[in-house]
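There are 4 protein chains.
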Amino acid sequence: MLVVMKALATPEQIHAVCEYIEQLGFRAHPLPGAQRTAIGITGNKGEVERGNLEDLSGVAEVIRVSKAYKLASRDVKEEDTVIHFPGTDASIGGRDLAIVAGPCSIENRDQAFEIAELVAAAGAQFFRGGAYKPRTSPYAFQGLGLEALRIMGEIRERYGLRIVTEAIDNESLELVAEWADVIQIGARNMQNFSLLKKAGKLRKPVLLKRGLSATLEEFLMSAEYIMSEGNYQVILCERGVRTFADHTRNTLDLSIVPAVQRVSHLPILVDPSHGTGKRDSVLPMGRAAVATGCDGILVEVHNHPEKALSDGPQSIYPDQFVRMMDELEQIAPVVARRLPRGIHVPAAAD
Amino acid sequence: MLVVMKALATPEQIHAVCEYIEQLGFRAHPLPGAQRTAIGITGNKGEVERGNLEDLSGVAEVIRVSKAYKLASRDVKEEDTVIHFPGTDASIGGRDLAIVAGPCSIENRDQAFEIAELVAAAGAQFFRGGAYKPRTSPYAFQGLGLEALRIMGEIRERYGLRIVTEAIDNESLELVAEWADVIQIGARNMQNFSLLKKAGKLRKPVLLKRGLSATLEEFLMSAEYIMSEGNYQVILCERGVRTFADHTRNTLDLSIVPAVQRVSHLPILVDPSHGTGKRDSVLPMGRAAVATGCDGILVEVHNHPEKALSDGPQSIYPDQFVRMMDELEQIAPVVARRLPRGIHVPAAAD
Amino acid sequence: MLVVMKALATPEQIHAVCEYIEQLGFRAHPLPGAQRTAIGITGNKGEVERGNLEDLSGVAEVIRVSKAYKLASRDVKEEDTVIHFPGTDASIGGRDLAIVAGPCSIENRDQAFEIAELVAAAGAQFFRGGAYKPRTSPYAFQGLGLEALRIMGEIRERYGLRIVTEAIDNESLELVAEWADVIQIGARNMQNFSLLKKAGKLRKPVLLKRGLSATLEEFLMSAEYIMSEGNYQVILCERGVRTFADHTRNTLDLSIVPAVQRVSHLPILVDPSHGTGKRDSVLPMGRAAVATGCDGILVEVHNHPEKALSDGPQSIYPDQFVRMMDELEQIAPVVARRLPRGIHVPAAAD
Amino acid sequence: MLVVMKALATPEQIHAVCEYIEQLGFRAHPLPGAQRTAIGITGNKGEVERGNLEDLSGVAEVIRVSKAYKLASRDVKEEDTVIHFPGTDASIGGRDLAIVAGPCSIENRDQAFEIAELVAAAGAQFFRGGAYKPRTSPYAFQGLGLEALRIMGEIRERYGLRIVTEAIDNESLELVAEWADVIQIGARNMQNFSLLKKAGKLRKPVLLKRGLSATLEEFLMSAEYIMSEGNYQVILCERGVRTFADHTRNTLDLSIVPAVQRVSHLPILVDPSHGTGKRDSVLPMGRAAVATGCDGILVEVHNHPEKALSDGPQSIYPDQFVRMMDELEQIAPVVARRLPRGIHVPAAAD
């Protein structure tokens, strides 16, 4: 159920409607748009009486939302969600493409700084690096944990790069929320509903990766789990799905970009590194991703991919990253986008 | 790496080898077999020197295990793993088929007891019922939680049925471990490695469901996560994978049964309810599962499927369950199995 | 559109309705059932006026068939289709299970006879052997063609076994129709509509294998292509579909058996050899297939699988086939079936 | 097996090597490159003695080709294959992007001409239109056949557009070869080996669409079937594969573009219309396709998509096609391509 407020509704009227909804035992989610505010109602099973709501002051209409996802739906919020990073000119979901680059794992301070310097110089605004790694094998390198978070904290300080890193459970979630700018939830945890709810209680942007066999609806329902707890800063990310095809590690499903944009207001990024698992395919698929009109890409860059502790075969070389940035810059205007070069952080900002 | 002890090796010799391994900074996992004991070594990356180990007293040979999974592998333990339920004649993995039956969710005490009485009367030894439900939608019924566990505790008391129920996160894991006989880890959490590790620290059997797009190797690697923490009582469960086919909710991949049996010693059950999502297909596929030679089945039974709060369309009616038991009893001998009827719990047992 | 005749409708009335339909420019397909005859109408796009038909003598009702397939639908013909082999006691689709066994390819006369003798002795009624092989590579063995058909003709003569063999194009279709008892159309040709239509013009049973990525509806639509040309003797065959799973060559989708039986009257067999591609899985999955309630199985048997010119790894040994027959015989009664042993051909029959 | 000739080998030497190969009972396929000629040998199973070949005059080296495809492999021919259309400036596989546009089916002369005029005006060089339609249902519109071919012949005459249309069997193949410039073989016939061989005997370019569940190797093996008969003018085309994802009709697997380019010299186009089945996705995925670096696209354009007899929902409007051409023109230079506008046919050319 969705209550659409009149264009001129006052903050007081909006507040009153929310209070009324909460008194009925439901949850109210005010969603301010450029034109007018909508208020999503969750926790109901259709039993809210529409009549009473429509009588409240400032209410334009009450819409029954048929789709299983509500808060993630464009029906509820028509304008694209843009996520801003306070104290910087970086954003995800607006006109500027977001480029998130870095190594699969933070292996040590030198490696991380070297790569961070390279990607910052090439113009990236976001740095990614794994501190906690969900590995298929219990015997594989599982990440440096807090040490990696601290290294990325230094990188943030030094280069201004905003940090994107994955949380894999409650413990790591708290630490990641403390140190990073964007909390990544990986494909294998896309339906770890307990983790999603906890991330929903935080007030940091969450980058949610599509599960290996998730339908569009399931993907948005997982975003809904986060949003239903009050955290509306969700960024979707396509990273390949599992099919019979064996020429890539996964099959990058770029067609989900226009599909998401049709039904949801949330930004969507694409990860051509995990999506293909092959270095040679990263540049072609990165260009293709931007050409679909997505909001940016995640890409693994390594100074010595052949020695990487994880995902070496899919990490691109620094010079490939520089070339990729040049190519994306040329494609961006075709889809009414711009590739920002470097992040601007006023001296006293953070 | 695997150390195979001589047939006549003494407990002291075995202990000494384990200590030596632990001193090197690795973990030792003694795996007693009918003939001889093997000791799995984990935590190494090939750097253990074989020579030193082979010189230890009682050691027959040292084998380099090439597969990514070790403890789950039949190379490490040739005999089938049989899980016994102390104080009862129930087991999983041996000659007797394990039938785990009950509603998708525990909805209330009356419903649970009514179904439990029915399945107990028909001869099931295990009762399943969801207390914590991983639901695609945050707005769907999420289970009664602790209240459901308590109801199942009473059912256990009354009918002797051993309880199988799902844990979805750390909190529910502790409670489920306390109240249930088998901790279920669902398909969506098959690669929730943090949860797997925690389940590995417990000493209760874990029923691990195959993820919707998990390969055989990934499935066994997830079992390995649990085992690498010292809990060797892992039961695998096929419950359908995701394909293009749309005549069933998932595609039940029965061919994984012989494939698992070839490479692993762990027992494997099949869930034809989730595996097909259609009531009409549950009996045919349940029969088929037993005919492959699996160790038993999980099946959803409901007294009023049309009113079930979850998974109604795939729950069978009580009389269908009775018929299914009769059919499985006839098929069992063809695969050298037996269908036990009812669980035997000596008066003072629990 | 389907015209259901009254139970007591005369042949003349049925004929008159057919003539009327044909005059309107459509095709009439009389489908005699145990109780009454139905007449399928094809070639229309909903424009037949129901009123006029209902006024004709002997007509009980006119049903608009919503599904895309009509003639293959159980709505049109409620009773199971049983295909008889004149001059023998063999049948497909009735109480008796059909076992179709033999080598992937006919390699030479000696090999074919040796295997035929073995499978006949074990009680099979149908012999399969490839004369024309659709091979992925143009450089692989493509079959002996007419020579193979002649060898199978001799086998038919000698052992009474009815012959099932594949046609891959128009040329081979004519020859196969001449020499074989059942014309097989392979998975790769399931949507070779031109070939389907030509097979539909013949009056020999057609065994149609499911395509590697065919949905249930597409599978039945391909059967419909054959039936819409007047050949109603179609036998469906599940042989595995393509998924991400890599422990078998294909994923045998046994759940299509109850799904087909729900919506169609056509018989359905299962091929566990192609469906798994692994010898070790053929017996378990063959048992499972029969346990679902299918109408029989196709299985590759070879006297020297390790030397087979094609599909060696999935062909079972003669002694495995004997064991399989014994196992299937035991499972058959559970699904109200019977495993006939050997084919009965009266001396003067053929 | 591949014989690589010296850079300065004479035509006579090449001819002599071919003759020698044929005398041994194999087939020789001279493949002229920019630097030197290679001669592929097919029909052998490794038994050609390398020594004898290496002794022949003009031979540089003899290479054993391990991959199952030979003639389609880049090992055999390093330079990209470029297909020219005599009497015009059109080509497929070179610097110029090939845009193939038109309706799914030719419905009548007016419709075809109207669309042809539109796409010619927007700058397309190739016109596509179905004369023979492989339809899932036998009751669906099957195409106008020869009449459609004649209409396209007129369109070719009037607008200079080169014609691409599908052949579905032997009969239509001959007619299509007579009337069209490129013979299309559809996804459902990708493994109709009989049809592939017949197309291989012709000397017209063949556009081979990837099957719905074809691996890269199978796709190239089907190209090999055509090439092994002597027709080297094969154009590959990605058109979506079948997966669990339901937000598009098929999942367009763009990552096959760089994968094909790595191992094969054949040109590859992309069909975003069939690949997505949704009009809204055609432009985004068309842009993405070109951004990967493919050789062009096939796109369905219709003047009245809502009234189209087939595939209406995926056909774009004429003004969308114009916009698409403008967008592709901007992306082309990023991948070192050029979008030609209009076809140049000298007055007396054809």
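Top line first, the protein sequences correspond to chains A, B, C and D. According to my numbering, the stretch in the first sequence is residues 1 to 350, in order. According to my numbering, the stretch in the second sequence is residues 1 to 350, in order. According to my numbering, the stretch in the third sequence is residues 1 to 350, in order. According to my numbering, the stretch in the fourth sequence is residues 1 to 350, in order. For each residue, glycine too, the CB sits at the ideal point set by N, CA and C. Model, not experiment: these values are computed from the prediction.
DSSP state of residue i mapped onto helix, strand, coil
| i | result |
| --- | --- |
| His274(B) | helix |
| Cys237(A) | strand |
| Ile353(C) | The requested residue 353(C) does not occur in the structure, where chain C is confined to residues 1 to 350. |
| Gly296(D) | strand |
| Leu207(A) | strand |
| Glu47(A) | Annotation note: pLDDT 49 at Glu47(A) (below 50); position unreliable, coordinate value reported separately. Here Glu47(A) sits in coil by DSSP. |
| Gln184(D) | strand |
| Ile106(D) | coil |
| Ser1(D) | Per the sequence presented here, residue 1(D) reads as Met, with Ser not at that position. Of the three classes helix, strand and coil, the one that applies to Met1(D) here is coil, per DSSP. |
| Val62(B) | strand |
| His344(C) | coil |
Where residue i meets chain D, residues with beta-carbon distance less than 7 Å
| i | result |
| --- | --- |
| Asn189(C) | Asn192 |
| Ser105(C) | By Cβ distance, chain D contributes nothing, its closest Cβ being about 15 Å from Ser105(C), past 7 Å. |
CA nearest to the CA of residue i, picked from the options
| i | options | result |
| --- | --- | --- |
| Ala332(B) | Leu97(B), Pro205(B) and Asp110(B) | Leu97(B) |
| Thr251(A) | Gly296(A), Glu217(A) and Pro272(A) | Pro272(A) |
| Ala289(B) | Lys307(B), Pro340(B) and Leu269(B) | Leu269(B) |
| Asn192(A) | Lys209(A), Val182(A), Pro205(A) and Val176(A) | Lys209(A) |
| Leu266(A) | Ile256(A), Ala120(A) and Thr248(A) | Ile256(A) |
| Val14(C) | Gly143(C), Pro305(C) and Arg36(C) | The amino acid occupying residue 14(C) in the given sequence is Ile; Val does not appear at that position. Here the closest residue by C-alpha is Arg36(C). |
| Asp354(D) | Ala131(C), Glu217(C) and Ser194(C) | Because chain D spans 1 through 350 in this model, residue 354(D) falls outside it and cannot be assessed. |
| Glu217(D) | Thr136(C), Lys278(C) and Arg279(C) | Thr136(C) |
Chain B contact residues for residue i, given Cβ-Cβ distances below 9 Å
| i | result |
| --- | --- |
| Ile168(A) | Asn192, Phe193 and Ser194 |
Contact with chain C by residue i, beta-carbon distance below 9 Å
| i | result |
| --- | --- |
| Phe244(B) | yes |
| Thr276(B) | yes |
| Arg262(B) | yes |
| Glu171(D) | yes |
| Thr292(D) | no |
| Lys204(D) | no |
| Lys201(D) | no |
| Lys197(D) | yes |
Cross-chain neighbours of residue i in chain B, by beta carbon under 8 Å
| i | result |
| --- | --- |
| His247(C) | Thr215, Leu216, Ser255, Ile256 and Ala259 |
Chain B contact residues for residue i, given Cβ-Cβ distances below 7 Å
| i | result |
| --- | --- |
| Leu212(A) | Ser213 |
Strand pairing of residue i, partner residues [DSSP]
| i | result |
| --- | --- |
| Phe126(D) | Val100(D) and Arg162(D) |
| Thr355(C) | Because chain C in this structure spans residues 1 to 350, residue 355(C) falls outside the shown range and cannot be described. |
| Arg338(C) | Asp96(C) |
| Ser73(A) | Ser264(A) |
| Ile83(D) | Ile92(D) |
Contacts that residue i makes with chain A (C-beta to C-beta distance below 7 Å)
| i | result |
| --- | --- |
| Met221(B) | Thr136 and Ser137 |
Cross-chain neighbours of residue i in chain D, by beta carbon under 9 Å
| i | result |
| --- | --- |
| Ala68(C) | Thr136, Ser137, Tyr139 and Ala140 |
| Glu224(C) | Ser137, Pro138 and Tyr139 |
Proximity test, Cβ basis, 9 Å: residue i and chain B
| i | result |
| --- | --- |
| Gln330(C) | yes |
| Val234(A) | no |
| Ala288(C) | yes |
Proximity test, Cβ basis, 9 Å: residue i and chain D
| i | result |
| --- | --- |
| Met285(A) | yes |
Contact list for residue i against chain D, beta-carbon separation under 8 Å
| i | result |
| --- | --- |
| Thr42(C) | Pro138 and Tyr139 |
Chain A within 9 Å of residue i, Cβ atoms only
| i | result |
| --- | --- |
| Leu252(D) | yes |
| Gly46(D) | Note on Gly46(D): pLDDT 46, under 50, position unreliable in the model; no value is reported. |
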